[in-house]
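Data block below; observations after.
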Amino acid sequence: MADEDVAKLAARGDAEAARLSDFLVGDTPVAYAFIAPAFFLLLFLVAYPFALSLWFSLSDARVGETGNFVGLDNFARLLRSGIFRQTLQNSIVFTAAALTLKTVLGMALALLLFRLVRFKRLIRGAILLPFIVPTALSTLVWWWMFEPLYSVVNWTLKHLHLVNHDIPWLPDPYLAMFTVILVNTWRGLPFFAITLLAGLVAIPKEMYEAAESDGAGPIGRFWYITVPLLKPVLAVVILFSAIFTLADFNIVYVLTKGGPMNMTHLFATYSFALGLQSGEIGQGAAVSLFLFPILLGVVFVQLRMVRKAATYE
Amino acid sequence: MNSVRRIRPLFTLYLPVMPFVLFALFPLYFMVVTSFKKNAELYDVNSVPFLIKRGVTLGHYQLLSQDTLFWSWFVNSLIVSVAATVISVVIGILAAYPLARLRFPGGDSFGVAIFVTYLVPPSLLFLPLSTVVNRLGLSDSLWALVVTYPTFLVPFCTWLLLGYFRTVPKEIEECAMLDGCSRLQTLVRILLPVAVPGVICAALFAFTLSWNEFLYALVFVSPAELKTMTVGVFSELIRGDIYYWGGLMAGACIGSLPIVVAYVFFLDYYVSGLTAGAVK
Numbered sequence: 024m025a026d027e028d029v030a031k032l033a034a035r036g037d038a039e040a041a042r043l044s045d046f047l048v049g050d051t052p053v054a055y056a057f058i059a060p061a062f063f064l065l066l067f068l069v070a071y072p073f074a075l076s077l078w079f080s081l082s083d084a085r086v087g088e089t090g091n092f093v094g095l096d097n098f099a100r101l102l103r104s105g106i107f108r109q110t111l112q113n114s115i116v117f118t119a120a121a122l123t124l125k126t127v128l129g130m131a132l133a134l135l136l137f138r139l140v141r142f143k144r145l146i147r148g149a150i151l152l153p154f155i156v157p158t159a160l161s162t163l164v165w166w167w168m169f170e171p172l173y174s175v176v177n178w179t180l181k182h183l184h185l186v187n188h189d190i191p192w193l194p195d196p197y198l199a200m201f202t203v204i205l206v207n208t209w210r211g212l213p214f215f216a217i218t219l220l221a222g223l224v225a226i227p228k229e230m231y232e233a234a235e236s237d238g239a240g241p242i243g244r245f246w247y248i249t250v251p252l253l254k255p256v257l258a259v260v261i262l263f264s265a266i267f268t269l270a271d272f273n274i275v276y277v278l279t280k281g282g283p284m285n286m287t288h289l290f291a292t293y294s295f296a297l298g299l300q301s302g303e304i305g306q307g308a309a310v311s312l313f314l315f316p317i318l319l320g321v322v323f324v325q326l327r328m329v330r331k332a333a334t335y336e
Numbered sequence: 038m039n040s041v042r043r044i045r046p047l048f049t050l051y052l053p054v055m056p057f058v059l060f061a062l063f064p065l066y067f068m069v070v071t072s073f074k075k076n077a078e079l080y081d082v083n084s085v086p087f088l089i090k091r092g093v094t095l096g097h098y099q100l101l102s103q104d105t106l107f108w109s110w111f112v113n114s115l116i117v118s119v120a121a122t123v124i125s126v127v128i129g130i131l132a133a134y135p136l137a138r139l140r141f142p143g144g145d146s147f148g149v150a151i152f153v154t155y156l157v158p159p160s161l162l163f164l165p166l167s168t169v170v171n172r173l174g175l176s177d178s179l180w181a182l183v184v185t186y187p188t189f190l191v192p193f194c195t196w197l198l199l200g201y202f203r204t205v206p207k208e209i210e211e212c213a214m215l216d217g218c219s220r221l222q223t224l225v226r227i228l229l230p231v232a233v234p235g236v237i238c239a240a241l242f243a244f245t246l247s248w249n250e251f252l253y254a255l256v257f258v259s260p261a262e263l264k265t266m267t268v269g270v271f272s273e274l275i276r277g278d279i280y281y282w283g284g285l286m287a288g289a290c291i292g293s294l295p296i297v298v299a300y301v302f303f304l305d306y307y308v309s310g311l312t313a314g315a316v317k
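Next comes the structure, spelled out in structure tokens:
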């Protein structure tokens, strides 16, 4: 049957073939019909809420009140507010530290996983687990591990004689920040390791063999072959993770609720506290909109990279 | 010489990997251990926290079943996740097909819009979305979640399936169309059977993301009996300053179980879905 069709195709003239291919790829009404559900979903539940969020941020809307236009008043008030400036600082520290840890450890782990021969599937499977289980639930166990009285971490440190008193992990502002960074790293590391591993696998073996025969040692091979060839994957992973680390809500909300003394608030948790708990929807929307420029930047860079990759192909 | 070669990886490879495995697994192990430990041992500062020495108990699980709405939360999560997954995969398949196969005005822009939405974190839109959900009269019902989860699931499914569809040669479809099949028939009978791995992958991820979702479920639904798993365990098991750590951990274990089971069976799909976005 298929052969017949091929024969049919071959028998037609060029003009007809062109019309045929036009018929095959140029069916605009069908394309629109297929896209319609996704289009309207994005329009009503993403684009419209986004516009609404812009309006809220320019108004003094509160829960149950539409509010009046107040211009950039919300943003001006935020920039003067000590808590917001603290949130801004926290977000930068949290994102920078977590991303650095995930990148460095993820790279090291990917290089190790790459060389595994025995128990490969088992070890990879175990490594990926923290990324799969529900974050809100796995963060509960971290909370329990850092609980002031019965902390298993403190128990271990004391029994190893590294410390002689309980460390106040969550009540201390700086240690609390350390803890949320640690948990974010725990959850995000598998994504880095597994994705970078896929990038490593894609590097042709001949490259390494050629470099080795030219006398390059393991460190030379890493810097001059692995890193440059892994750069596109590395960039995508870091950018992607940058958005979702900066926008993190679950870990901070479950572990510290932004405390102690607002020292671990991120945009998402502070926006939640302002918009829903205090009812200041305008202010809350303005806080969450601070995520938007970062998002735009990442989208811009990623699209440019995708286009560049497409032209090289 | 030979034995040195065989032993060396033990020190340069398996030994360095161990801390990573321990770091990944210890919290999950500790979750399970805590959920089976009796309170007397749990709250004894002199006992070894890593082990259960004074007998295993199912008490925390019993407390969860009898004194809380745990199983309602479980069922709610299941309903919402299955519904949101089915809706999103269907919409995703329909949207990915023209993007992968057809040329039409606005096609590129729509592709970019899907990609941008894929990157929008839920924490950017939860405030205005809660207003929208309110106006639609959906707040405090599971519908609020069934309707809003597709906002992040559809872009993900579309993006993933788009990649899969592009790898399938289109000649067979063209033949089918010349034989008089409609677009929909071609999609359902010719393309989908070949793209089954992609569809499974999209469905698995959509289910996992729905099951794990926390922020929308926390904001849009407040009656205790309508909460999902993640929110219920977190907000209903902590009463004031009293923590039922055993019960909390039991809830976390059962709440993670469906995902872990799916994960064990479909590990390779998870890995390919995870890397689909980044390595192309």
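Protein sequence lines, in the order shown, are assigned to chains P and R. To get my numbering, take the position in the first sequence, counting from 1, and add 23. To get my numbering, take the position in the second sequence, counting from 1, and add 37. C-beta atoms are modelled at their ideal positions from N, C-alpha and C, and glycine is treated no differently.
Item, Value
"Name the two residues that bound the continuous alpha helix (DSSP H) containing S102/R.", "G96 to D104"
"Could you tell me the alpha carbon to alpha carbon distance between R45/R and R144/P, rounded to whole angstroms?", "21 Å"
"Any beta carbon from chain P within less than 8 Å of G292/R's own beta carbon?", "yes"
"Mind checking if D50/P is an interface residue toward chain R, Cβ cutoff 8 Å exclusive?", "yes"
"By the DSSP assignment, the alpha helix (DSSP H) with A254/R in it spans what residues?", "L252 to F257"
"Name the residue from L221/R, Y98/R and N76/R whose alpha carbon lies nearest to the alpha carbon of G92/R.", "N76/R"
"Taking C-beta pairs closer than 7 Å, name the residues in chain P that T312/R reaches, listed in chain order.", "I217, T218 and A221"
"So, does the CB of G144/R fall closer than 8 Å to a CB anywhere in chain P?", "yes"
"Under 8 Å, do G367/P and D83/P count as touching if we go by C-beta distance?", "No answer is possible for residue 367/P: the residues shown for chain P start at 24 and end at 336."
"The alpha helix (DSSP H) with N285/P in it runs from where to where?", "Careful: N285/P lies outside any alpha helix (DSSP H) and carries neither H nor E."
"Which class does K74/R belong to by DSSP, given the choice of helix, strand or coil?", "strand"
"Relative to the C-alpha of A309/P, which candidate in H288/P, V322/P, A149/P and F79/P has its C-alpha closest?", "F79/P"
"What number of angstroms, rounded off, separates the C-alpha of E206/R from the C-alpha of L134/P?", "This sequence places Pro at residue 206/R; Glu is not what is there. Spanning the two alpha carbons is a distance of roughly 34 Å."
"Return yes when the Cβ of F141/R is within less than 8 Å of the Cβ of A54/P, no when it is not.", "yes"
"With a Cβ-Cβ cutoff of 8 Å, do F57/R and I150/P count as a contact?", "yes"
"So G302/P and L253/P are in contact, right, with Cβ under 8 Å, and what is the actual spacing, rounded?", "So it is not a contact: roughly 48 Å between Cβ atoms."
"With a threshold of 16 other CB atoms inside 10 Å of the CB of F92/P, please say whether the residue is buried or exposed.", "exposed"
"Out of W165/P, P72/P, T179/P and I266/P, which has the shortest C-alpha to C-alpha gap to L319/P?", "I266/P"
"Distance, Cα to Cα, F397/R vs V275/P?", "For residue 397/R there is no data in the structure shown, the boundaries of chain R being 38 and 317."
"Does the beta carbon of P171/P come closer than 8 Å to any beta carbon on chain R?", "no"
"Starting from C218/R, trace the alpha helix (DSSP H) in both directions and tell me its first and last residue.", "Premise fails: C218/R is in no alpha helix (DSSP H) and is neither H nor E."
"Name the chain P residues whose beta carbon is nearer than 9 Å to that of I227/R?", "Correct list: empty, because the minimum Cβ distance to chain P is about 11 Å."
"Kindly list the residues whose CB is nearer than 7 Å to the CB of D177/R, restricted to its own chain and excluding five residues on each side of it in sequence; keep chain order.", "V258, S259, P260 and L263"
"Excluding the 5 residues flanking G235/R on each side, which residues of the same chain have their C-beta closer than 6 Å to its C-beta?", "L198 and Y201"
"Taking 8 Å as the threshold, find out whether the region 190 to 198 of chain P comes into contact with the region 161 to 179 of chain P through three or more Cβ pairs.", "yes"
"For T89/P, collect the residues of the same chain with a Cβ closer than 7 Å to its Cβ; drop the 5 residues on either side in sequence, then sort them by chain order.", "none"
"From which residue to which residue does the alpha helix (DSSP H) around Q306/P run?", "I304 to L312"
"In the DSSP assignment, what residue or residues form a beta bridge with V93/R?", "K74/R"
"Considering only the beta carbon of each residue, do S272/R and A121/R sit closer than 8 Å?", "no"
"What is the residue span of the alpha helix (DSSP H) that N171/R lies within?", "P159 to R172"
"Report the rounded CA-to-CA distance for A121/P versus F272/P, giving the unit in angstroms.", "14 Å"
"Quick one: is T126/P near chain R, going by C-beta distance under 8 Å?", "no"
"Could you tell me the distance, in whole angstroms, from the CA atom of L156/R to the CA atom of A150/R?", "10 Å"
"Under 8 Å, Cβ to Cβ, is there at least one residue of chain R near M230/P?", "no"
"Just checking: is the beta-carbon of V58/R within a distance shorter than 8 Å of some beta-carbon in chain P?", "yes"
"From G288/R to T162/P, what distance separates their C-alpha atoms?", "13 Å"
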